[in-house]
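Every letter in the sequence shown is one number past the one before it in full-length UniProt numbering, and letter 63, counting from 1, is 63. Below: one structure, written as structure tokens.
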Amino acid sequence: MLSFIKKQLQHHTPSVIGVDQSYAVLLPLVDIEGQLHILYEVRVNHISQPGDVSFPGGKVEPGETSAEAALRETEEELGIPANHIQLLGEIDQIISGSHLIQCFVGKIALKDYQNYRLNEEVARIFIQPLDYFQTHPPQYHELVMAPTLADDFPYHLIQGGKDYPFHKRVRQVPFYQLNEHQAVLWGFTAELTQHFVDIIT
Numbered sequence: 001m002l003s004f005i006k007k008q009l010q011h012h013t014p015s016v017i018g019v020d021q022s023y024a025v026l027l028p029l030v031d032i033e034g035q036l037h038i039l040y041e042v043r044v045n046h047i048s049q050p051g052d053v054s055f056p057g058g059k060v061e062p063g064e065t066s067a068e069a070a071l072r073e074t075e076e077e078l079g080i081p082a083n084h085i086q087l088l089g090e091i092d093q094i095i096s097g098s099h100l101i102q103c104f105v106g107k108i109a110l111k112d113y114q115n116y117r118l119n120e121e122v123a124r125i126f127i128q129p130l131d132y133f134q135t136h137p138p139q140y141h142e143l144v145m146a147p148t149l150a151d152d153f154p155y156h157l158i159q160g161g162k163d164y165p166f167h168k169r170v171r172q173v174p175f176y177q178l179n180e181h182q183a184v185l186w187g188f189t190a191e192l193t194q195h196f197v198d199i200i201t
């Protein structure tokens with residue numbers, strides 16, 4: 001039996017329990033007259049996270065790598081072919097519920113960002129100088145997330161029943177107010193931005 005267990009484990013690739021969908025986004029860099037900028041999208045109001053500022057990205061489809069998904073989604077949302085994007089690397093990942101979010105950093109060769117062909121998910125785009133984030137740290141606000149249990153949850157099967165001390169997740173969420181763009185970065189987009197800046201600073 002032990003030899004069978006060992007064989008099974010040797011052929012098993014570990015993954016994150018509970019993650020059933022992977023997403024990939026691109027943190028796009030644009031060089032404007034020798035100064036690097038980060039490009040952001042503003043989502044239209046009739047899709048999920050309406051009006052939020054985000055990076056181009058979406059689900060990783062079967063048969064493609066996460067990097068390929070980030071490039072494909074960028075082409076779909078901004079009309080930028082993959083061969084016009086220089087992938088520079090990947091930063092750390094985010095796990096949210098059952099979703100894994102991977103973020104790749106890439107430099108876009110096309111500088112005339114005003115003429116990008118936006119699809120129906122993108123209301124507008126804007127750029128912000130990279131060095132702005134190196135000199136303007138975000139403000140942090142506390143977000144408490146507690147589990148919501150179904151009415152038929154079997155409290156009688158757990159120690160303490162309804163008084164069981166379920167874990168509450170407390171997160172410090174970064175916010176960047178970009179008033180010149182009438183935009184606010186917060187949540188995952190702000191976290192990835194801040195993490196990227198921390199890596200290169």
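Backbone N, C-alpha and C fix where the C-beta goes; we use that ideal spot for every residue, glycine too.
Skipping 5 residues on each side, what residues in its chain have a beta carbon closer than 7 Å to that of residue i?
{"i": "His195", "result": "Ile91 and Asp92"}
{"i": "His156", "result": "none"}
{"i": "Gly57", "result": "Tyr23, Ala24, Val25, Leu26, Ala70 and Glu73"}
{"i": "Gly18", "result": "Ser98"}
{"i": "Val170", "result": "Glu142 and Val144"}
{"i": "Gly161", "result": "Tyr155"}
On the three-state DSSP scale, how would you describe residue i?
{"i": "Tyr23", "result": "strand"}
{"i": "Leu2", "result": "helix"}
{"i": "Tyr113", "result": "helix"}
{"i": "Gln10", "result": "helix"}
{"i": "Val173", "result": "strand"}
{"i": "Asp151", "result": "coil"}
{"i": "Tyr40", "result": "strand"}
{"i": "Lys168", "result": "coil"}
{"i": "Glu120", "result": "coil"}
{"i": "Ser98", "result": "coil"}
{"i": "Glu73", "result": "helix"}
{"i": "Phe133", "result": "helix"}
{"i": "Ser66", "result": "helix"}
Write down the C-beta distance between residue i and residue j rounded to the nearest angstrom, noting that I regard them as a contact closer than 8 Å.
{"i": "Leu185", "j": "Val53", "result": "5 Å"}
{"i": "Val122", "j": "Glu41", "result": "5 Å"}
{"i": "Glu142", "j": "Gln172", "result": "6 Å"}
{"i": "Ala183", "j": "Phe104", "result": "Ala183 to Phe104, Cβ: 22 Å. No contact."}
{"i": "Lys168", "j": "Val197", "result": "About 29 Å separates the two Cβ atoms, so there is no contact after all."}
{"i": "His136", "j": "Ile108", "result": "Going by Cβ atoms, the distance from His136 to Ile108 rounds to 23 Å, so no, they are not a contact pair."}
{"i": "Leu36", "j": "Leu178", "result": "Contact flag wrong, Cβ pair sits at about 16 Å."}
Ignore the nearest five residues each way along the sequence and tell me which others in residue i's own chain have a CB closer than 8 Å to its CB.
{"i": "Pro81", "result": "Glu75"}
{"i": "Tyr164", "result": "Tyr155 and Ile158"}
{"i": "Leu2", "result": "none"}
{"i": "Tyr140", "result": "Gln172, Val173, Pro174 and Phe175"}
{"i": "Ala190", "result": "Pro138, Val173, Pro174, Phe175 and Tyr176"}
Have a look at the options and flag the residue whose alpha-carbon is nearest the alpha-carbon of residue i.
{"i": "Glu77", "options": "Leu118, Ile125 and Ile5", "result": "Leu118"}
{"i": "Asn45", "options": "Gln21, Glu120 and Ser15", "result": "Glu120"}
{"i": "Gln134", "options": "Gln8, Glu64, Ile199 and Gly51", "result": "Ile199"}
{"i": "Ser66", "options": "Gln10, Leu87, Gly187 and Pro50", "result": "Leu87"}
{"i": "Tyr132", "options": "Phe188, Leu100, Leu149 and Thr201", "result": "Thr201"}
{"i": "Gly187", "options": "Ile94, Gly79 and His12", "result": "Ile94"}
Are there any heavy atoms of the ligand SAH lying less than 8 Å away from the beta-carbon of residue i, as far as the coordinates show?
{"i": "Pro129", "result": "Ligands displayed in this structure: none; no statement on the ligand SAH is therefore possible."}
Given residue i, which residues of its chain have a CB within under 6 Å of its CB, disregarding the five upstream and five downstream residues?
{"i": "Pro147", "result": "Phe166"}
{"i": "Gln21", "result": "His99"}
With three or more C-beta pairs closer than 8 Å as the rule, is the segment 23-43 touching the segment 109-116? Under the 8 Å Cβ criterion, the segment 109-116 counts as touching the segment 23-43, having at least three qualifying pairs.
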